[in-house]
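K.L.:
Below you'll find the structure I mean.
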Amino acid sequence: MSPSTPRPGSHGTLITVAPTGAEHAKADVPNLPVSLDELVSTAKDCERVGASMIHVHIRGADTRPTLDLGLLKETVAALRAETDLVVQLSSGGAVTDPEEHRLRVLEAGPDSASCTMGTVNFGDDVFMNRWEFIVELHKRMQDRGIVPEYEIFDLGQLTSLQRLLDQHGLPAGGHVHVDLVMGVPGGMPGDTETLAAALRAIPDGATFSATGIGRSSIPVMFAALSAGGHLRVGMEDTISYARGERVRDNAQLVARASGLARIAQRPPLPADEVRKLLGVQRSG
Ligand code: KMH
Ligand code: ZN
């Protein structure tokens, strides 16, 4: 795509909230939403201030990450009943989750699911995504009509995405959407130069969101907005709002992203427009 061609949907901004993640412990971050009630309440608050999609990791009664299928189904149903958000389940889970559990997430029937395009060092851990696993995830999502969000932690993963599409075809919904997850220790840095490099490797016609982990959150947000991209924010990715100031709640992060999107003359997109953009079938 030439730099002057507007990306689809770039008159507005898709804001995804990633409220929980699998990495922070509730004991360390007491305001992290971990129960279903906390998650739904956060989702409603975030929707009110401009989010149109939610990227969901769930926790068990012990507050630790789980991929329990019953709880995933209950979570999808509750979010659909209480919000109009596009519901995206994480198939990444925690670094310790086995592949068969990560594939089983799709059986909860979300609108969308993440699909990470390669293995990456992840802090002191390794986030494992073998090629065969990626292909299986992509095919099962095609079969089930679940729209993937291709999570990109490093630039070479965009080459793998092109290979996946060339060998196995377009995803469910027919549209390619990627999320650049920048600033993970072990992955690509979260800065403008790297975002510009990533854009050169994004498949033609694709849309992208970006999120910067920790202190790269704000530079990545500005860089993505200036490049016609969309935004992901949330406590999965950052628990600090400003230097020395902890995040109050997810809605605080979404409200800031919405404000910046409005200043950029690309206001938050409503969920029905996001469904059309991404090819999500379920009507709001
Ligand atoms: N929790 C990380 C190991 C995803 O949700 O798909 C993986 C992750 C990516 O958060
Ligand atoms: Zn995630």
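Each residue of the sequence shown is one higher than the last, beginning at 289 in the working numbering. Glycine included, every Cβ here is placed at the ideal spot set by N, Cα and C.
Cutting at 7 angstroms between CB atoms, please list the residues of its own chain near G461, excluding the five before and the five after it.
P.N.:
For G461, where only same-chain residues beyond five positions count, the Cβ hits under 7 angstroms are V435, L566, G567 and V568.
K.L.:
Would you mind stating whether G338 and A485 have Cβ atoms separated by less than 8 angstroms?
P.N.:
No.
K.L.:
Apart from the five residues on each side of it in sequence, which residues of its chain come closer than 6 angstroms, Cβ to Cβ, to R390?
P.N.:
For R390, where only same-chain residues beyond five positions count, the Cβ hits under 6 angstroms are S379 and G381.
K.L.:
Alpha carbon to alpha carbon, how far is G572 from D372?
P.N.:
Residue placement at G572 is poorly supported in this model, since its pLDDT is 45, which falls under 50; the coordinates still yield a value, given next. The straight-line gap from Cα to Cα measures roughly 6 angstroms.
K.L.:
Name the residue from L359, S340, R336 and R520 whose alpha carbon lies nearest to the alpha carbon of R347.
P.N.:
Here the closest residue by C-alpha is L359.
K.L.:
Hey, how far is the Cα of A396 from the Cα of K361?
P.N.:
Answer to the nearest angstrom: the Cα atoms are 5 angstroms apart.
K.L.:
Could you check how far apart the C-beta atoms of L320 and S497 are, in whole angstroms? I think they sit under 8 angstroms.
P.N.:
Not confirmed; about 22 angstroms, so no contact.
K.L.:
Where does the unbroken beta strand (DSSP E) through S379 begin, and where does it stop?
P.N.:
No beta strand (DSSP E) contains S379, which DSSP labels as neither H nor E.
K.L.:
Please state whether the Cβ-Cβ distance between M405 and L449 is less than 8 angstroms.
P.N.:
Cβ distance < 8 angstroms, so M405 and L449 count as in contact.
K.L.:
What do you reckon, are the CB atoms on I527 and V535 nearer than 8 angstroms?
P.N.:
Yes, the Cβ-Cβ distance between I527 and V535 is below 8 angstroms.
K.L.:
Please work out which residues of its chain come closer than 6 angstroms, Cβ to Cβ, to Q455, disregarding the five sequence neighbours upstream and downstream, and give them in chain order.
P.N.:
Nothing meets the Cβ criterion.
K.L.:
In the DSSP assignment, find the beta strand (DSSP E) that holds V337 and state where it starts and stops.
P.N.:
Element bounds for V337: n/a, residue is neither H nor E.
K.L.:
Residues around the ligand ZN, please: the ones whose beta-carbon is closer than 7 angstroms to some heavy atom of it, in chain order.
P.N.:
Listed by chain position, these are A306, G309, A310, H343, H345, S378, G380, S402 and E524.
K.L.:
Hey, H345 and E524 are a contact pair by Cβ (cut 8 angstroms); roughly how many whole angstroms apart?
P.N.:
Yes, they are in contact, since the Cβ atoms of H345 and E524 sit about 7 angstroms apart, within 8 angstroms.
K.L.:
Taking 8 angstroms as the limit between beta carbons, can you name the residues of its chain near P296, skipping five residues before and five after?
P.N.:
Cβ within range, chain order: H463, G493, T495 and L565.
K.L.:
In its own chain, which residues sit with a C-beta less than 8 angstroms from the C-beta of A512, not counting the 5 before and 5 after it?
P.N.:
So the qualifying residues of the chain are L468, L483, F496, S497, A498, H518 and L519.
K.L.:
What number of angstroms, rounded off, separates the C-alpha of K314 from the C-alpha of L452?
P.N.:
About 37 angstroms.
K.L.:
By Cβ distance below 7 angstroms, which residues in the same chain neighbour R428 in space, the five residues on each side in sequence not counted?
P.N.:
Excluding positions up to five away in sequence, the list reads L391 and L394.
K.L.:
Let me make sure I understand the geometry here. Which of R368, R488 and T384 has the alpha-carbon closest to that of T354?
P.N.:
Per the Cα distances, T384.
K.L.:
Which of helix, strand or coil does DSSP assign to A545?
P.N.:
Helix at A545.
K.L.:
Quick one: is the Cβ of E387 within less than 7 angstroms of any heavy atom of the ligand KMH?
P.N.:
E387 Cβ: outside cutoff for every heavy atom of the ligand KMH.
K.L.:
Taking only the alpha-carbon atoms, compute the straight-line gap between E424 and V508 and give it to the nearest angstrom.
P.N.:
Roughly 31 angstroms between the two C-alpha positions.
K.L.:
Restricting to Cα atoms, I'd like to know which of E326, Y529, G500 and H343 is closest to D442.
P.N.:
The option with the nearest alpha carbon to D442 is G500.
K.L.:
Within the continuous alpha helix (DSSP H) that includes V508, where are the two ends?
P.N.:
Residues S505 to S514.
K.L.:
Figure out for me which residue from G474, Q430 and T480 has the closest Cα to the Cα of G457.
P.N.:
G457 has its Cα closest to that of Q430, out of G474, Q430 and T480.
K.L.:
Under the assumption that C403 contacts E437 (Cβ atoms under 8 angstroms), give the Cβ distance between them as a whole number of angstroms.
P.N.:
Between E437 and C403 the Cβ distance is about 7 angstroms, and since that is below 8 angstroms, they are a contact.
K.L.:
Assuming V305 and N538 make a contact with CB atoms under 8 angstroms, what is their CB distance in whole Å?
P.N.:
That belief holds up - the Cβ atoms of V305 and N538 are roughly 5 angstroms apart, short of 8 angstroms.
K.L.:
What would DSSP say about E362, mapped onto helix, strand or coil?
P.N.:
Helix at E362.
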